[in-house]
């Protein structure tokens, strides 16, 4: 196998897949390195369409195995017997936290990474987000604006396939949408009440990377429900089924799974990355690969770990870390705060099919400057939906009447879950542990992260505003919960190698290029200068495609 | 009733998924789904009481009951191999108390009582931790069993669509 490439992409998830597609389509011979094992579309979806009775412990899961090997991953919402083969083994891949500040590192360990199990919600950012830091002074200014990324959103949306409804909102720009999934009657009722009683608030169907009509040989959704078990018709976007096949089609890509990247070497003369050091996880062989370009797309934590571990005489604090901000300003989205209630009526209606999507209530707080009654900056959105209760509900007694009650469709319930913007705090950081190493001898990551006051006040407001909307819509028995307030639970960790104008306070420039290392680009969540409150993956896709095309241009011009 | 392969074919009209549907089942079947629990925590008497309780909670009606769906075996598996001994203790204590109550009132253990006596004795435990745990296990075991799940009116693992249907009182059907 050749070890010299035009470009090396580290990571094959949402970002790495796009980097591979764009770089290879620009004619660059590209190596994709993935720490996880190889999986194959369809063949490795062992849990797809499997009913619970095909598993010994059914929905309870194999507790002994999960507590031993998946004690972080199995706490995540849709980890199950049907998809355990996609997830990281927590026992074999330890990291360090202190008890008071836990971090849940949710990871894939397969080709395609978390793009196999992601939530698929896809919302464009706007200048409300790109200007947020400069407006209220938390964090540094983004070096880009919406106009810089807008055409790339359009390009990636058209290829990924995003279904949704155009709403004409300036702070949640419309995209290139396939036809939207439908709202059910209760959701339409809640929408009507919210939009009438609360001026400025809107309810729309989720914008989701699931096909509602065939696209490029991929099939439309068949509404079986759990996308994250794998989808044989490729109705949802994943690297494995969309971007990596596109890269393969060019004939320019080499994909190497089972390849943990340990560190990057730079040439002191040119300042460029020369060697990518790899541990083959099967043979434990140590290998080196060289590329004119290196795209670091190993996930926020993974990429930052590699840069921190690429310490050298010239880069004593880690590669591209002259500013000292590498590893700091970690963000996530507040996650797990919910409000739900019973919706009376509509008992002559029920739904068929498992819609892999819900409703979205876009941010309505602090849109035009600071709301007078908001004790926090930035904002949040709601995801949720309405459905009829089933066998999971409580019912008194036992016997034939009890059985008949559960077998009939139950009352409608409507739930709203808040996703709030977390500010970039310098103290929320990841670093390398000074003593502990993993099974390859690579220093373990240590996390020092927590929700701070702005996030906690925002969560109070999520509950108050969610409750008032459900109450206005006639909900009864309204309940709420603030959630676990644990960083990482949103699985939107970002910000540890942020973009910025000034090399003294940022790692990357406006093109995701390291200020200090011209042939190094970092385009996963670590590049994010602020967090917005919308799901970030479509932005990683767009920002990666933009950076990859720019880098290819620099190669063509002979600059790199 | 269509089988799973037919449903898949009807829904996606593609052979891609079908070629592997059988393979998936074969891979999973490496585990003996019906093997007895590795830990034996119930004696024959306790097993008999649990079986009777499962039958009382979800009897066979116009749809299969807990016994048809193998629920007692599933409940025993979870109690034995999934729960810790501390977690299962309230169930074991509750079964013993229920049995003792029956002996005191009717001179025979729960399993030997008439249906009316069993119903009365079980109803008296409704606020107990034992009853709450067993009821949850029975319901979950039933609705995740093949007999339980596939006998439900709305069972449709491969719907091919998300849409709302309205109940028509005249015909008694959802349309």
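Residue numbers (my numbering), protein chains in the order written: chain A, 418 to 977; chain B, 2 to 176. We put the CB at the ideal spot given by N, CA and C, even for glycine. Computed from a predicted model, the values in this text were never measured in an experiment.
Looking at the structure shown, is residue 470 (chain A) part of a helix, part of a strand, or coil, going by DSSP?
-> helix
Under a CB-based cut-off of 8 Å, is residue 168 (chain B) close to chain A?
-> yes
Specify, as a first and last residue, the run of the beta strand (DSSP E) that residue 875 (chain A) falls within.
-> Here residue 875 (chain A) belongs to no beta strand (DSSP E); instead the alpha helix (DSSP H) covers 870 to 889.
Could you check what DSSP says for residue 864 (chain A) in three-state terms: helix, strand or coil?
-> strand
Kindly give me the distance between the Cβ atoms of residue 830 (chain A) and residue 806 (chain A), rounded to whole angstroms, as I take these residues to be in contact under 8 Å.
-> 6 Å
Where residue 969 (chain A) and residue 833 (chain A) are concerned, what is the direct C-alpha to C-alpha distance, given to the nearest angstrom?
-> 43 Å
From which residue to which residue does the alpha helix (DSSP H) around residue 566 (chain A) run?
-> 563 to 577
Name the two residues that bound the continuous alpha helix (DSSP H) containing residue 967 (chain A).
-> 954 to 973
Could you spell out the range, first to last residue, of the beta strand (DSSP E) harbouring residue 800 (chain A)?
-> 797 to 805
Contact list for residue 770 (chain A) against chain B, beta-carbon separation under 8 Å | 157, 160, 161, 162, 163, 164
Going straight from the alpha carbon of residue 894 (chain A) to that of residue 617 (chain A), what length do you get?
-> 26 Å
Classify residue 168 (chain B) as helix, strand or coil using the three-state DSSP reduction.
-> strand
Would you say residue 815 (chain A) reaches chain C, if we count a Cβ-Cβ gap shorter than 8 Å as a contact?
-> No chain C is part of this structure, whose protein chains are labelled A and B.
How would you label residue 787 (chain A), buried or exposed, when you count the other beta carbons within 10 angstroms and need 16 or more for buried?
-> exposed
When you compare each of A:927, A:797, A:933, A:853 to residue 564 (chain A) by their alpha carbons, which one comes out closest?
-> A:927
Answer with yes or no whether the minimum CB distance from residue 477 (chain A) to chain B is below 8 Å.
-> yes
Taking the continuous alpha helix (DSSP H) assigned at residue 451 (chain A), which residues delimit it?
-> Looking at the DSSP string, residue 451 (chain A) is not in any alpha helix (DSSP H), and its letter there is neither H nor E.
Would you kindly check if the distance between the Cβ of residue 950 (chain A) and the Cβ of residue 798 (chain A) is under 8 Å?
-> yes
Which partner residues of residue 838 (chain A) appear in the DSSP bridge assignment?
-> A:750
Contact list for residue 130 (chain B) against chain A, beta-carbon separation under 7 Å | Near residue 130 (chain B) there are no residues of chain A at all, since even the closest Cβ is about 15 Å away, more than 7 Å.
Cβ-Cβ separation, residue 114 (chain B) to residue 101 (chain B) (assumed contact under 8 Å), whole Å | Residue 101 (chain B) to residue 114 (chain B), Cβ: 13 Å. No contact.
Report the rounded CA-to-CA distance for residue 733 (chain A) versus residue 90 (chain B), giving the unit in angstroms.
-> 57 Å
Do three or more CB pairs link the stretch 439 to 452 of chain A to the stretch 658 to 676 of chain A at distances below 8 Å?
-> yes
Measure the alpha-carbon distance for residue 527 (chain A) versus residue 953 (chain A) and round it to whole angstroms.
-> 21 Å
List the DSSP bridge partners of residue 833 (chain A).
-> A:756, A:801
Would the stretch 711 to 730 of chain A and the stretch 847 to 860 of chain A be scored as touching if the rule is three or more Cβ pairs under 8 Å?
-> yes
So what does residue 582 (chain A) bridge to, in DSSP terms?
-> Paired residue(s): none; residue 582 (chain A) is not in a bridge.
In three-state terms, what does DSSP make of residue 977 (chain A)?
-> coil
Answer yes if the stretch 957 to 965 of chain A comes into contact with the stretch 928 to 944 of chain A, meaning at least three C-beta pairs across the two stretches below 8 Å, and no otherwise.
-> yes
Meets three-Cβ-pair contact criterion under 8 Å: the stretch 746 to 762 of chain A and the stretch 892 to 912 of chain A | yes
Would you kindly work out how many angstroms separate the C-alpha atoms of residue 62 (chain B) and residue 154 (chain B), rounded to a whole number?
-> 14 Å
Spatial distance of residue 711 (chain A) from residue 669 (chain A) (CA atoms) | 15 Å
Could you pull out every residue in the same chain whose Cβ sits closer than 6 Å to the Cβ of residue 23 (chain B), ignoring the five residues on either side in sequence?
-> Because residue 23 (chain B) carries a pLDDT of 38, less than 50, the predicted location of this residue cannot be relied on, and no value is offered for it.
Is there a Cβ from chain B that is less than 8 Å from the Cβ of residue 641 (chain A)?
-> yes
Within 8 Å (strictly less), CB to CB, does residue 466 (chain A) reach chain B?
-> yes
Closest to residue 775 (chain A) by CA distance: which of A:835, A:808, A:700, A:482 is it?
-> A:835
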